[in-house]
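Okay, structure first, notes after.
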Amino acid sequence: MTRRETIVFSAFAMSVFAIALMGMQQGIGRFETARNQAVEAVFSRLQDIERSLERDILLVQTSALRHFDGLARAVIDLRQTRNRLKRGTTDIVNEGEERLRRLYARYVGATERRIALVERIKARQALVSNSMGYLPTALENVLDTADDLPVVESLAQSTTRTLLMFASAGKLEHQNAATKNIAELEARAAGTRAAEPARVLALHGHNILAERTAQKVEIQRFFASESLSFLGDLLNAHLADYNAQHAQGQRIYQVFTAITAFLVIGLGYTLLSLRRAAHATRASRNQLLDAVESVPQAFALFDKDDRLLVWNEYLTEYFHDIRDDIRTGVTFETLVRHAAGRGQISDAEDNEEAWIRTRLARHTNPAGPFEIQCANGRCLEVRERRTREGGVVTTYTDITDSIRAARNLARREAELERAQELARWGSWAWEPETGSYTWSRQLYRIFGHEPDGFTPTLDAFLDAVHPSDRERVRSAIRGAHRKPGPRNDEFRIIRPDGTVCHIRSVHEVVTETADNPVLVTGVAHDVTDRKRVQEHLNRLFHAIEQSPSSVIITDAQGNIEYVNPKFVETTGYTPVDAIGQNPSLLKSGYTSDLIYQDLWETVSAGGTWRGELHNKKKDGSLFWEDATISPIKAPDGTVTHILAIKEDISVRKEYEERLLRQANFDELTELPNRVLALDRLSQALARAEREKRIVTVMIVNLDDIKKINHTLGHQAGDQLLIEVSRRLFTCVRDGDTVARIEGDQFLIILPDLSLAVFAEVVAQKILSICAKPVTLAGSEVTVSASIGLTVYPSDGADPHVLLRNAHAALNRAKEMGGNSYRFFTPKMNEGAVRRLAEENLLRHALERGELNLVFQPLVDARKNKIIGAEALLRWTNPELGPVSPEQFIPMAEKTGLIVPIGDWVLREACRTAKGWRDRTGIHVQMAVNVSFRQFKGGTLSETVAKVLEETGLDASTLELEITERILVEEAPETSANLKTLSDMGIRLSMDDFGTGYSSLSYLKRFPFDVIKVDRSFVRDVTEDPDDAMLTSAIIAMGRTLGLEIIAEGVETPEQLGFLRDRGCDFIQGYYLSRPLPADEFEALLIKSEENGGIRHSGR
Amino acid sequence: MPIRNARTSWAAHIRWPLIGVFALASALVSMSPGSANHSDTAHPPLDTEPLLPIPLDHGEDPNKAALGGKLFADKRLSADGTFSCTRCHDLKNGGMDGLSRAKFRDGKEGKRNVPTIFNNRFNVVQVWDGRFLNQEEDIDATITDPHTFANQWPQVVARLKGIPEYARPFERLYQKGVTKDAVLDAVAIYLRSLTTPNSRFDRWLRGEDDVLSDEEKKGYALFKSYGCASCHQGANVGGNLLQKFGVMGNYFDDQAGAVDTDLGRYGITGQPEDKFVFKVPGLRLVTRTPPYLHDGSVKTLEEVIQIMARYQLGRRIPASDAKLIIRFLESLVGEYEGRPL
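Line by line, the protein sequences give chains W and R.
Quick note: my numbering has the first sequence finishing at residue 1099, numbered continuously throughout.
Quick note: my numbering has the second sequence finishing at residue 1440, numbered continuously throughout.
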């Protein structure tokens, strides 16, 4: 391979190599980008986890967290995700620089401190919720033992109340009140029976106070954690690192590109230069001779044998004493020896031979210039050089004057140098004419050079100037002479060691004529340190000016000296407004004076105060600030200023408050949400269990709200929900709960109903009130609702079961087409609907004349003679047909309708009896049933008296049938009523005897005349020996007490025979006659009178 | 729902699809967590109960879990081939050894009771004093613990590399084959896969009303109302927080030397607040894992309930109520690998 081929080949190989490297570099770059995305994902995940921790801790504060799985998961996640920053492909810690390791460790430390706080907060929450849960029981125990101690009772109650308020809202006033209550409770209960329960209540109370208070501090510390900002620092450091690496990669890439380009160009150049080489050898010699005479110095050319060849006039002038020797062919040695021998050379005076030897040696091997001192005082500078032909050229320059000047200058320079050193000023001079450029030693120092190792040139100087300043400096120097007078300038230089210095320079132009500069001189001063301080101050000032936090600086007395723009933006006070004022300018009156006191005490004592202030802006609006206030101290420790850094946290505060509310209330309607509703339901169930009451739960669902959303928009839907929630409130009483548990579902808890049936009234009310039109978005809309009802305890004892049942009932109501309600169990459900329909109809039955009376004969079996009639109420409705009394009478009793109906029955029966009597002359006893409700209010006897008077019926003809229930209730008015009625001559009969409490004492205490044996005994009297025995006993007992006994429900001759055998003569039943309308009864009465008895229907 | 201001029909037709899009968008927006807008919940939302059901699927990589499971039972992980994880954590015995205190290789006793290995994934930190932040740290420490495995990682890795039944699956599942990190990962995944889902109680929480007896339901109600559920909550009925043992009194002082005083987490952190603080144990398998407390000093659930009532709750629980609570605890026992424990 020839040399040429070698070059070509290696250049080619290098190109290929370089291109391959470029490709690799790009691949690495792409991998780096993907990796960096993964790293950034880890960072964003970490941020998310910490945010979720913060959210959950806020929830802990509201006691809305039922379990800690979410928090535990977040902690595990945080640690796991954090570890990814030092493992696998997302490892930035082990791969990165020391700084990253330090920042990572700092972040880990902060998160671990945060996690430790989370753990404490959790543990305390568990203790608080335990004690909270125990409070009701503890209170009950105190109340149980403090019957005769009303003060203790009320203290225990207020202790519990203040504790609950403190635990839910965390307010200081509640804490103080609770502390006070507890202390007083313990003191008052001491020595009484309630002492021990009070101690337990106090123990749990103290526990709640202590744990909550400590927890509050921990929560504050948790939120003050810097972990997120440390995470940000870590991310920034990583990105800087990444960018730097990336930049380095770019640089390597560029170098490779350059190498490649160089190699390709070099290849071509090499080929070209190989061809040119041959032509480059011819040179000219004569030019030298032409130049000789024009040189302003002594000149001599010696050939290779050291014989003089060429010289000029100056040589003979300088060496005048040996001018005769100067001729062609004389050797250099001869000339030197003659010159020295004639005493022409001062240097040679001491040791002539040595000087000559040195001079000859120098001549043979020329090096740098040297000086010769001549006897005539002249000083010559000698320069020698070998020629190509092996000869030597020697020049002599007269430097006598310049040396003298230089010596003076040197002395002055030394002095100047010293001065500069002291002043740290360096100086320079530039002669445009000669290009000479000189530096003082101090300037070398400033530029970071050793005087020996560096030749100052203007270009070298400009190279040292920072690239950004270079052009400016260059044109300033070059253009200097155009503007006479000193000029100031500042620029940066880069020293060889890479440090950047700030230079302040003053230069001046010395001119001979107007625009002919002979000298530019200048001084330069290293102002880096001053500059650094200045820049540092500037940076700090800008940082404060542009800080996202409000900054206030006051003097030690608290007079504002400075406020930053953020302060102006936040508060609306301009610096003019604020400076000279006291920060109390922002006082809103909502921050406790204790807090200000604490603030001043802390700061005066030299400490840093941190806290939250509720302040007022210039326009009067309130806002929350998180303030850090600390004294600024002089080196001797005295406080000169006070610094306040404040952040507007109104948004966070609002967020916290909203979260607190959100945890328990629905934002739109401001009703309790599902969480709170379930809580209330649990409480209602607990109370109902103690008081043996029922709780009705209903879920109200708006039919077709989706259509409203679709047609009129969500805003209209929201408006509807608000309107409905407002209407629902009008349907319930105080103490009932209306909650919004889902989008269009409301939960209503009725904890205070004695009967489930009343819930239907509420449900009915809700349906009708929901059906009223609403104006939404300009359209009048009517909606309907569906309701699912369920009842504790019959349908379930657990809130969730009840809710589920209510949902099931709701679904059924919806299946039925909406606009209706359903009870949970199908049976109850159907019954309830029918009952309600009937009840509505019953209301109108009286006025529409749908009620009528039928009369069943009472027969004296022995005489076979009708002695009386029992008036029985019948209801025939056009829609329902005949309705059984067993169905509608209890309903009438429940709703109170029985009172007007009962009055009507009484009047109608008396009227009928009077009619019979008047028309037939036969005495027929008229028995009328009286409901317990008619006894309430104590006006029954008055009503009866009024009716008798109206109808003209003889009191002794009327018999009132009373059930045992009236007697069991033992209302004071009952006894008086019965007595009055009896005194009026009205007969009283005890109805349904044997079914209820059947206490003999009633029969003795109240003035009864008749016992009616219940039909249930009579029915089985011939089959069931027990019933037979009981019936016999009742009859025997009644007879002993001198009461008349009537057996009801006699349907067979066997029953009749049995009763008659036992001495019961008065019979009522289908065997004798079914109940008859008044006219038929009258006909039967007449017929039986004529026939001397009635015909048994059974025959 | 009659709307009186009716639009002309063509306008309505054009608008419907748009409205549909808006409705969908707003539905998506409103489905943020916390708002709990489920439209078809005939069932109570679980998050209002303090206890949660254990997810039916643990979600771990089955291949790595299987590999880890093999290591869990393998004595070759210990230096002299005599010790395996199952020696103390017997899955057939509720995931522990049934002894009061851990038994070391030399026959000596440790100072604490071996906790069950089941459901460890729900624990915020591992072991009684939370010394290990995760399963990997636990395994790492155990392998090199002179009392038990007494091994060194280079030896463990070298040994496993020499066993084809390990070397091959590790090569398949892990980029770098058998390494310390890979071994830790496999065993940790196996540990996290040990859950006991589908207990009767969980099924009840998920809506099957008949699976719990009235007594068990009553027991659960008592468990909540006495305050047990303040600490013992979540899927593992505990395990997710640390708590001081002896909130209402110093347990150890009262025992007057009958049991060794154990300062708990204080031994790790040295923080005064951490004295007597322990991880609240999960109660999922509590009826299967006597004896009780950190030192296994209590033999029966009846006794331990009384201790908890006295020292944690500051109240008394009548024996009849404690019995009902135990009934409830029994319903917490779930299944492992589809079989009841």
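Ideal placement from N, C-alpha and C gives every residue a C-beta, glycine not left out.
Residue-chain proximity (residue i, chain R), Cβ-Cβ < 7 Å
i: W:ALA72; result: yes
i: W:VAL568; result: no
i: W:SER682; result: no
i: W:ASP147; result: no
i: W:ASP69; result: yes
i: W:LYS122; result: yes
i: W:GLU1102; result: Residue 1102 of chain W is absent from the structure shown; chain W starts at 1 and stops at 1099.
i: W:ASN1139; result: Since the first residue of chain W shown is 1 and the last is 1099, residue 1139 of chain W is not available in this structure.
i: W:ALA198; result: no
i: W:LEU234; result: no
Sequence-distant residues of the same chain with beta carbon closer than 8 Å to residue i, five excluded per side
i: R:GLN1251; result: ALA1178 and THR1243
Alpha-carbon spacing of residue i relative to residue j, whole angstroms
i: W:ALA202; j: R:ILE1416; result: 20 Å
i: W:HIS714; j: W:LEU776; result: 11 Å
i: W:THR90; j: W:LEU613; result: 43 Å
i: R:SER1329; j: W:GLY817; result: 44 Å
i: W:ALA210; j: W:LYS180; result: 14 Å
i: W:GLY868; j: W:GLU1082; result: 11 Å
i: R:LEU1123; j: W:ILE595; result: Model confidence at R:LEU1123 stands at a pLDDT of 34, short of 50, so the residue's coordinates are unreliable; what they give is reported in the following sentence. The alpha-carbon atoms of R:LEU1123 and W:ILE595 are separated by roughly 50 Å.
i: W:ASN952; j: W:GLU1080; result: The identity of residue 952 of chain W in the sequence shown is Gly, whereas the question assumes Asn. Taking the straight line from one Cα to the other gives about 23 Å.
i: W:GLU1023; j: W:ARG690; result: 44 Å
i: W:ALA348; j: W:VAL393; result: 22 Å
i: W:SER1009; j: W:ALA955; result: Looking at the sequence itself, residue 1009 of chain W is Asp, so the reference to Ser does not match. C-alpha separation (whole angstroms): 14 Å.
i: W:VAL264; j: W:ARG388; result: Note that W:VAL264 scores 45 on pLDDT, short of 50, meaning its location in the model is unreliable; the coordinates nonetheless yield the value given after this. Whole-angstrom Cα-Cα distance: 37 Å.
i: R:ASP1309; j: W:GLY994; result: 41 Å
i: W:ALA460; j: W:VAL506; result: 19 Å
Residue(s) in a DSSP beta bridge with residue i
i: W:GLY868; result: W:LEU858 and W:GLN925
i: W:ARG822; result: W:GLY788
i: W:ASN701; result: W:GLN745 and W:SER786
Residue i at chain W interface by Cβ criterion, 7 Å
i: R:ALA1164; result: no
i: R:VAL1128; result: The predicted model places R:VAL1128 with a pLDDT of 32, which falls under 50 and marks its position as unreliable, so this point remains unresolved.
i: R:GLY1311; result: Residue 1311 of chain R is actually Leu in this sequence, not Gly. No - not a single Cβ of chain W is within 7 Å of the one on R:LEU1311.
i: R:GLY1369; result: no
i: R:ASN1339; result: yes
i: R:GLY1363; result: no
i: R:LEU1412; result: yes
i: R:GLY1167; result: no
Contacts of residue i in chain R (Cβ-Cβ under 7 Å)
i: W:ASP1105; result: Chain W is shown only over 1 to 1099; residue 1105 of chain W falls outside these bounds and no answer can be derived.
i: W:ALA126; result: SER1329, CYS1330, LEU1340 and GLN1342
Closer than 6 Å: residue i CB and nearest the ligand GTP heavy atom
i: W:LYS706; result: With respect to the ligand GTP, the structure shown offers nothing to examine, as it has no ligands at all.
Listed by chain order, chain W residues near residue i by CB distance under 7 Å
i: R:GLU1148; result: ARG66
Neighbour list for residue i in chain W, Cβ cutoff strictly below 9 Å
i: R:ALA1257; result: Per Cβ cutoff of 9 Å: no residues; R:ALA1257 is ~23 Å from chain W at best.
i: R:GLY1233; result: Looking at the sequence provided, one finds Asn at residue 1233 of chain R rather than Gly. Result: ILE76, ARG79, GLN80 and ASN83.
i: R:ALA1287; result: Within chain W, no residue comes near R:ALA1287; the closest Cβ sits about 11 Å away, beyond 9 Å.
Same chain only: Cβ atoms within 6 Å of residue i, ignoring 5 sequence neighbours per side
i: W:SER630; result: THR608 and LEU643
i: W:GLN125; result: VAL60
i: W:SER227; result: ALA110, THR111 and ARG114
Residues near residue i in its chain [Cβ-Cβ closer than 7 Å; skip 5 each side]
i: W:ASP555; result: GLU561 and HIS641
Interface residues of chain W facing residue i [CB-CB closer than 8 Å]
i: R:SER1419; result: Near R:SER1419 there are no residues of chain W at all, since even the closest Cβ is about 16 Å away, more than 8 Å.
i: R:PHE1221; result: ASP69 and ALA72
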